[in-house]
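Sequence positions in the sequence shown follow numbering that gives the first Met the number 0 and run 0 to 420.
Quick reminder that beta carbons are idealized off the backbone N, C-alpha and C, glycines included.
In this text, all values refer to a predicted model and were calculated from it rather than measured experimentally.
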Amino acid sequence: MASSEALEALFVGNPDFEEIEKSLDVFCPFEAIGMVRQEIRHAHFLAHCLDPQRPHGFGSECLRALMRSAAVAYRRVDEGVEGQITPLDVHVMDLEQSQVRREWRSIDLLVVVKEEKLVVAIELKIDASEHSGQLKRYRETVSQEWPVADGWRHLFLFLTKAGDEASEEAGQDWLALDLEAVAAELDGVVEKQTGSAEARALLASYLAMLRRHHLTNERLKEVAEKLWSQHREALEFLMEHKPDQNDGVFGSLHSQRQELAEMMSEASGLRIVLDDCSPSIIRFAVTDWDRMMNFRTAVKWTTSNRAMLVEVQPSNDKKTIRIRVVLGPADHSLRQTFYEELASKGVRLSNRRAITQNYTRLATETVAQGLDDDNKDVEATVAQAIEAIKRYAADTLTAYDKALVSLKEMDIFGDFDRDQK
């Protein structure tokens, strides 16, 4: 148990704690009107900023920033995906007369650039999940309205917090794009001092809100890691006594995460350990994968720097819990090598043709569902979820481990190592 002295050291006169508290204790108009998790209002604000015809003074800079982030993301997918553009294409595009539409035929954002014969459809997901068949329907609608046969190009952008990929059938030709990449480009618009002072301040406030609630704030992450290293006893005490932390099915799994790692190890014959966890994600690592060259070079993810982890996480609506292998943010050539090696061995991957930019979810399975049912037997559901997780370890993780054997025995990344020197 944490002593009163440990808690005092954390809270009283601690500049690191005060920095985090100060950064979160700010007035934000977007938080004030309750739009933090309202996709409709996010889409309204983005549409306003992207529209060159609006009186914000940005002109086409915000739209160009979005297009640049998409162009960079296109570099990481298979060639031949409809609508591919390059950063140079974006640089020379005439975007000043672009039309930005909201909810045209139910599409969140639609940009029509007549001068370039280009249509950009954007589906935005903040916390909601993809609806069955909606992306396929939107793609077909755009293709019918602006036919390729008439010289039109189409860009389909699936914009989410983590660059989640769309489903296989419905998501064909939809590019997974993460809000972090778009926010980074919009930072540049603010820094260039374009637009009116009021519009610039509002955009900066919006980007700060995104990073507080949806994205990663690198500076605060560094401070948080420092606090954990210096005040672990006090912070663990607070986490253990967080109200409602262990309520429900996921809370029970979370509280048994160490035991889960041991059960997964026993079921699979692999050594599986806990990696960094958060209140909403349980992460596991297969330690034998550490033998792969440059495997521990992931960035901005967990302190272990492992490039591939196993995650157990509830859905945004809290109705289901899923387990998956996640290929995290690392050098693209490394991620591509891992993905291609797994694909060549015929193991189950994702439904997409190529890896996404930062986080690629593989072999996703549901371990618990119907959690919004108040009559559900929590204890029985937890037991069923544990059995499903053990089966996943025994079947999927062992298959992945066998598929990766050659990478544990060969220095296939020698060229990459030399390039970094």
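Enclosing beta strand (DSSP E) for residue i [first to last residue]
i, result
"T363", "359 to 367"
"F157", "152 to 159"
"P313", "307 to 313"
"L174", "173 to 177"
"V324", "320 to 326"
"L273", "271 to 273"
Span separating the alpha-carbon of residue i from that of residue j
i, j, result
"D243", "L370", "In this predicted model, D243 has a pLDDT of only 45, less than 50, meaning its place in the structure is not dependable; the value taken from the coordinates is given anyway. Those two C-alpha atoms are separated by around 16 Å."
"A362", "Q143", "34 Å"
"I39", "F157", "15 Å"
"R231", "R270", "26 Å"
"P278", "S254", "10 Å"
"I32", "A207", "15 Å"
"L87", "R74", "12 Å"
"L259", "I385", "7 Å"
"A396", "A402", "Checking the displayed sequence, the identity of residue 396 turns out to be Leu instead of Ala. Going from the Cα of L396 to the Cα of A402 covers about 10 Å."
"K407", "K116", "48 Å"
"V248", "V381", "6 Å"
"A379", "L252", "12 Å"
"T85", "A392", "41 Å"
"V311", "G150", "45 Å"
"I125", "A266", "36 Å"
"R282", "A367", "17 Å"
"G79", "M34", "Because G79 sits at a pLDDT of 48, beneath the cut-off of 50, its placement in the model cannot be relied upon, and the following sentence gives the value as read from the coordinates. Answer to the nearest angstrom: the Cα atoms are 37 Å apart."
"L65", "H153", "15 Å"
"L174", "F155", "6 Å"
"S343", "A284", "22 Å"
"L45", "R53", "12 Å"
"M292", "C48", "44 Å"
"I354", "R347", "14 Å"
"K113", "W227", "53 Å"
"D422", "A387", "What the structure shows of the chain is the stretch from 0 to 420, and residue 422 is not part of that stretch, so it cannot be assessed."
"G187", "Q229", "35 Å"
"E139", "V89", "25 Å"
"D330", "I322", "24 Å"
"G58", "P28", "23 Å"
"V147", "I106", "19 Å"
"V61", "K191", "Strictly speaking, residue 61 in this sequence is Cys, with Val absent from that position. Going from the Cα of C61 to the Cα of K191 covers about 12 Å."
"R360", "I280", "14 Å"
"S405", "E364", "26 Å"
"G56", "A200", "12 Å"
"Q83", "R67", "12 Å"
"F412", "T286", "Any reading at F412 needs caution, since the residue's pLDDT is 45, under 50, leaving its predicted position unreliable; the model's value is listed next. Distance between the alpha carbons of F412 and T286: 19 Å."
"K160", "L214", "7 Å"
"D314", "E122", "Per the sequence shown, residue 314 should be read as Ser rather than Asp. Their backbone Cα atoms lie some 19 Å apart in a straight line."
"D274", "L209", "26 Å"
"P14", "R211", "19 Å"
Residue range of the alpha helix (DSSP H) that includes residue i
i, result
"K344", "Per DSSP, K344 belongs to no alpha helix (DSSP H) and is neither H nor E."
"I281", "Run containing I281: none in the alpha helix (DSSP H); it sits in the beta strand (DSSP E), 281 to 285."
"I388", "377 to 391"
"L45", "38 to 49"
"G33", "First-last for G33: undefined, no H or E at that position."
"F249", "247 to 254"
"D450", "In the structure as shown, the chain starts at 0 and stops at 420, and residue 450 therefore has no counterpart that could be examined."
"S195", "Run containing S195: none; DSSP gives neither H nor E here."
Rounded Cβ spacing between residue i and residue j (contact assumed at less than 8 Å)
i, j, result
"V189", "L202", "6 Å"
"V110", "W145", "Not quite, the Cβ-Cβ distance comes to about 12 Å (not below 8 Å), so this is no contact."
"G290", "A297", "Contrary to the premise, residue 290 reads as Arg rather than Gly in this sequence. So it is not a contact: roughly 16 Å between Cβ atoms."
"S349", "E164", "6 Å"
"L94", "P51", "6 Å"
"D177", "Q37", "Going by Cβ atoms, the distance from D177 to Q37 rounds to 19 Å, so no, they are not a contact pair."
"G194", "Y358", "About 32 Å; that fails the 8 Å criterion."
"K389", "M263", "6 Å"
"W288", "G327", "That belief does not hold up - the Cβ atoms of W288 and G327 are roughly 12 Å apart, past 8 Å."
The ligand ADP heavy atom lying under 8 Å from the CB of residue i
i, result
"A384", "Ligands are entirely absent from the displayed structure, and the ligand ADP is therefore not among its contents."
Legend entry - Every unbroken alpha helix (DSSP H) inside the stretch 72 to 152 [4 residues or more]: Correct list: 86 to 91, 133 to 144.
Inset, instruction - Would you check if there are 3 or more beta carbon pairs closer than 8 Å linking the stretch 132 to 142 to the stretch 89 to 102? - result: Taking a contact to require three or more Cβ pairs closer than 8 Å, the stretch 132 to 142 and the stretch 89 to 102 do not qualify as touching.
Legend entry - Touching by the beta-carbon criterion (3+ pairs, under 8 Å), the stretch 336 to 348 and the stretch 314 to 323: In short, these stretches do not touch, since the Cβ pair count stays below three.
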